[in-house]
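Protein chains in written order, with this note's numbering: chain A, 2 to 263; chain B, 2 to 263; chain C, 2 to 263. C-beta atoms are modelled at their ideal positions from N, C-alpha and C, and glycine is treated no differently.
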Amino acid sequence: MREPHGLQQSAQELVATAADVLERVRGRSPRVHCITNSVAQAFTANVLLALGARPSMTLSGEEIGAFVAASDALLVNLGTFDAERRAATETALDAAEDEGLPWVLDPVLIDRSPMRAAYAKALLVRAPQAVRLNGSEFAALAGAAPEPGAVQHAAREASTVIGLTGKVDLVTDGTRLVTLENGDALMDRVTGMGCVASALVAACLAVEGDALAASVAALLGLGISGEVAAERANGPGSFAAAILDALHRLDRETLIARARVQ
Amino acid sequence: MREPHGLQQSAQELVATAADVLERVRGRSPRVHCITNSVAQAFTANVLLALGARPSMTLSGEEIGAFVAASDALLVNLGTFDAERRAATETALDAAEDEGLPWVLDPVLIDRSPMRAAYAKALLVRAPQAVRLNGSEFAALAGAAPEPGAVQHAAREASTVIGLTGKVDLVTDGTRLVTLENGDALMDRVTGMGCVASALVAACLAVEGDALAASVAALLGLGISGEVAAERANGPGSFAAAILDALHRLDRETLIARARVQ
Amino acid sequence: MREPHGLQQSAQELVATAADVLERVRGRSPRVHCITNSVAQAFTANVLLALGARPSMTLSGEEIGAFVAASDALLVNLGTFDAERRAATETALDAAEDEGLPWVLDPVLIDRSPMRAAYAKALLVRAPQAVRLNGSEFAALAGAAPEPGAVQHAAREASTVIGLTGKVDLVTDGTRLVTLENGDALMDRVTGMGCVASALVAACLAVEGDALAASVAALLGLGISGEVAAERANGPGSFAAAILDALHRLDRETLIARARVQ
Chain A
2 MREPHGLQQS AQELVATAAD VLERVRGRSP RVHCITNSVA QAFTANVLLA LGARPSMTLS
62 GEEIGAFVAA SDALLVNLGT FDAERRAATE TALDAAEDEG LPWVLDPVLI DRSPMRAAYA
122 KALLVRAPQA VRLNGSEFAA LAGAAPEPGA VQHAAREAST VIGLTGKVDL VTDGTRLVTL
182 ENGDALMDRV TGMGCVASAL VAACLAVEGD ALAASVAALL GLGISGEVAA ERANGPGSFA
242 AAILDALHRL DRETLIARAR VQ
Chain B
2 MREPHGLQQS AQELVATAAD VLERVRGRSP RVHCITNSVA QAFTANVLLA LGARPSMTLS
62 GEEIGAFVAA SDALLVNLGT FDAERRAATE TALDAAEDEG LPWVLDPVLI DRSPMRAAYA
122 KALLVRAPQA VRLNGSEFAA LAGAAPEPGA VQHAAREAST VIGLTGKVDL VTDGTRLVTL
182 ENGDALMDRV TGMGCVASAL VAACLAVEGD ALAASVAALL GLGISGEVAA ERANGPGSFA
242 AAILDALHRL DRETLIARAR VQ
Chain C
2 MREPHGLQQS AQELVATAAD VLERVRGRSP RVHCITNSVA QAFTANVLLA LGARPSMTLS
62 GEEIGAFVAA SDALLVNLGT FDAERRAATE TALDAAEDEG LPWVLDPVLI DRSPMRAAYA
122 KALLVRAPQA VRLNGSEFAA LAGAAPEPGA VQHAAREAST VIGLTGKVDL VTDGTRLVTL
182 ENGDALMDRV TGMGCVASAL VAACLAVEGD ALAASVAALL GLGISGEVAA ERANGPGSFA
242 AAILDALHRL DRETLIARAR VQ
């Protein structure tokens, strides 16, 4: 993907694959179990439903194993940090490993809490198929500025795919490096937008074995839906509703016409 | 309700009663205490407020008894399952029994968790005035396919009213059987729509002693509001806002004109 | 502020200061840590983001100290009441005191629970810069009807600013007494609107040392946004989205043109 020509071709292929992945989510309605914080739960569930996936959200240690075992992918979002939640996460990861389920790590706000950062590093060892985070969280996780080279290095070290979201999104498996330029500034004015991006990565991993392709599909779908929503919105309140509408209606034509992928 | 003529008459009466019940909710603003999962809490509170009821939601075992004792109805939604929540539920049910309060059981996702299903069965023995569930949950609760005869049998056995929601809703007290055909497919794309239906049943039970009439009023009001909302919506995000608007504005004329009850 | 002329002048100055305070929030993006109930969390976070503040919401005792220490203001909302939450609140208040952070007390529904009321009284001793509550909550806190004189007396006794919201809002530091007449009846039909008002007070306290001016700015900004939103809304669902849009777009001209302050 270093050659201009090859890169352009790859970008087209990636977008076509992203469209395939999103269609597969709609067609198969994968079950995605979400360990996530209470602030983001409802919006996350609604985003998954809008794309055609089926969310579940219980955090109870007594039953989370059964829920995860019957799911197609798992999200581990660290937006809340306590002993009970960590125990439930252990149980959930054990179940995911037993079933060979893909899972996504979202190390929310680890830059604000050293204990949470340490926990995120411990979870990284358990080999998530993908990690989704922002620049500050990357810096806290990897101990390096969120530059393309450092992100590639961190992905290679952890044998995972990293999706770093911001004004421009970077997705890398340590070898391939994709940049996505879709999105809108209003996405930063709705709580849980990052959490939601990670949940969509999990939904895409449920139907796509290539974690880079799954991450690109999720972030591209969300970014383009954000652009469509911004054209209809008067501010962050109407935008939050409109991005759900846009995700629900997102089709291959819109995805291909709007994608800004390199 | 077997004779075509009698059935038609009954349907008209049921719709008129439903309109009365919904007007009574608006007029009396009953207090409804909701034990429900964190995913559905905000949407449930907003739906109750839109219809004119007053929600409260604390789950703290230390004070839930005082909240329930001062309420007019109680919702027990099993969307979260842990020891602390079960203890609070016990306290809440004791208070409801002491005060002679009606309550509704919503056995959310018991088809996904055997422990939760066992707990739902134990709660059924405590005689809820109404149960609201979907087909998969009914099968897990009753051990039978969600056919009209099996639902009637289960309601009779448990001496309760069952509201089984799906493409067509069934409401039965074991003797009478009502079918409701209102609603819209977008209702399945908004998280907590079933939880919200159960909360509305609780609000209607607060002002109507006939649990069948209360359940019909709640499910009919929600289904028709869903139809009205779908006509204004571009997808599930705008639909979730529009169904609150429609519930808030729902009047007797709209209810009677749109009801598809048998 | 008893003389008609002086009052009018003061009102103009208060509105100009309110506009300054809201601009400062947008310009500085203060971090506001919120201890609040799960029903109100997402809406509270979205309201803070709409105004330009940066919310955090963790309730974990293990890390709340670190979050508060790096924040610019703290909200303590009593919408949930349990031993774990109270322990986290202690830790958070210790951190706020260490850092000299302003904090707001919102004694949600203390009229419904004697234990919660007792806890609110104990917290009042820890000297919040501001308290935001409604009439019933004031009566439970102060043991007096929510009349202007009683509210002034209570503020003086507790050396705090009280913002009493209702059809008309009163804000007083015990000496000055301001009344705000902006707002819309739909604000009562959206869950968490009071909680959100308190969070906005915290955001304004982060950038304004005069707690009366900060409280007026927050309640005026919210009330006027409610009026703007009501003009676009069809009911409480579209209103909840529209008030976020209006807060996001609220400018000095609109604030000055619409303010009804005395």
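First through last residue of the alpha helix (DSSP H) which encompasses residue i
| i | result |
| --- | --- |
| C/Val262 | That residue, C/Val262, is in no alpha helix (DSSP H); it is neither H nor E in DSSP. |
| C/Gly227 | Ala212 to Arg233 |
| B/Asn1 | The question about residue 1 of chain B has no answer here: the residues shown for chain B are numbered 2 through 263. |
| C/Thr92 | Ala84 to Glu100 |
| B/Glu158 | Pro149 to Ala159 |
| A/Ala119 | Pro115 to Leu125 |
Nearest-angstrom beta carbon gap, residue j and residue i [assumed within contact, 8 Å]
| i | j | result |
| --- | --- | --- |
| B/Val162 | B/Ala212 | 4 Å |
| B/Ala74 | B/Leu102 | 6 Å |
| A/Arg29 | A/Val208 | 6 Å |
| B/Val40 | B/Thr166 | With 8 Å as the limit, B/Val40 and B/Thr166 do not qualify as a contact, their Cβ atoms being about 18 Å apart. |
| B/Val1 | B/Leu201 | Residue 1 of chain B lies beyond the residue range present for chain B, which begins at 2 and ends at 263; the question has no answer from this structure. |
| B/Gly236 | B/Gly184 | About 17 Å separates the two Cβ atoms, so there is no contact after all. |
| C/Leu256 | C/Val16 | 7 Å |
Residue i (DSSP reduced to helix, strand or coil)
| i | result |
| --- | --- |
| B/Ala74 | strand |
| A/Arg177 | coil |
| C/Leu1 | The requested residue 1 of chain C does not occur in the structure, where chain C is confined to residues 2 to 263. |
| C/Leu142 | helix |
| A/Asp107 | strand |
| A/Gly193 | coil |
| A/Gly184 | coil |
| B/His249 | helix |
| B/Val208 | coil |
| A/Ser11 | helix |
| C/Ala128 | coil |
| B/Thr81 | coil |
| B/Leu60 | coil |
| B/Ser39 | coil |
| A/His6 | Residue confidence for A/His6 is low, a pLDDT of 44 falling below 50, so the modelled location carries little weight and cannot support an answer. |
| C/Gly238 | helix |
Selected residue, minimal CA-CA separation from residue i, among the options
| i | options | result |
| --- | --- | --- |
| A/Ala141 | A/Ala93, A/Ala214, A/Val169 and A/Asp107 | A/Asp107 |
| B/Glu138 | B/Arg127, B/Pro129 and B/Ala119 | B/Ala119 |
| A/Leu171 | A/Arg157, A/Gly193, A/Thr192 and A/Glu148 | A/Glu148 |
| A/Glu1 | B/Ser11, B/Leu60 and B/Ala84 | Only positions 2 to 263 of chain A appear in this structure, which leaves residue 1 of chain A out of reach. |
| A/Val33 | A/Val217, A/Asp246, A/Leu256 and A/Ala204 | A/Ala204 |
| C/Ala155 | C/Met58, C/Val169 and C/Leu125 | C/Leu125 |
| C/Gly238 | B/Ser39, B/Pro31, B/Glu24 and B/Ala46 | B/Ala46 |
| C/Glu24 | C/Ala97, C/Leu206 and C/Glu228 | C/Leu206 |
| A/Asp21 | A/Gly184, A/Cys196 and A/Ser216 | A/Ser216 |
| C/Asp95 | C/Ala121, C/Arg127 and C/Leu79 | C/Arg127 |
| C/Ala231 | C/Arg177, C/Leu15, C/Leu187 and C/Ile36 | C/Leu187 |
| A/Phe82 | C/Asn78, C/Gly144 and C/Ala67 | C/Ala67 |
| B/Val105 | B/Met194, B/Ala198 and B/Val16 | B/Ala198 |
| B/Leu79 | B/Asp99, B/Arg117, B/Gly224 and B/Arg55 | B/Arg117 |
The beta strand (DSSP E) enclosing residue i, as first and last residue numbers
| i | result |
| --- | --- |
| C/Pro56 | Arg55 to Ser57 |
| A/Ala131 | Ala131 to Asn135 |
| C/Val33 | Arg32 to Ile36 |
| C/Gly164 | Val162 to Thr166 |
(message) Counting only Cβ-Cβ distances shorter than 9 Å, please list the residues of the region 72-86 of chain B near chain C, keeping chain order.
(response) Glu85
(message) Closer than 8 Å between beta carbons: that is the criterion. Which residues of the region 192-205 of chain A meet it against chain C?
(response) Thr192 and Gly193
(request) Check each residue of the region 24-44 of chain B: if its Cβ is closer than 7 Å to any Cβ of chain C, include it; give the result in chain order. (result) Ser39, Gln42 and Ala43
(request) Note down, in chain order, all residues in the region 104-137 of chain C with a beta-carbon under 8 Å from any beta-carbon belonging to chain B. (result) Leu110, Arg113, Ser114, Pro115, Met116 and Arg117
(message) Any C-beta of chain B within less than 9 Å: which residues of the region 211-241 of chain C qualify?
(response) Ala234, Asn235, Gly236, Pro237, Gly238, Ser239, Phe240 and Ala241
(request) Taking a Cβ distance cut-off of 8 Å, strictly less, list which residues of the region 43-71 of chain B are near chain C, in chain order. (result) Ala43, Ala46, Asn47, Leu50, Ala51, Pro56, Ser57, Met58, Thr59, Leu60, Ser61, Gly62, Glu63, Glu64, Ala67, Phe68 and Ala71
(request) Below 9 Å between beta carbons is the criterion; list the residues of the region 241-261 of chain A that meet it against any residue of chain B, in chain order. (result) Ala241, Ala242, Ala243, Ile244, Leu245, Asp246, Ala247, Leu248, His249 and Arg250
(request) Report the residues of the region 166-192 of chain A with a CB closer than 7 Å to any CB of chain C, ordered along the chain. (result) Arg190, Val191 and Thr192
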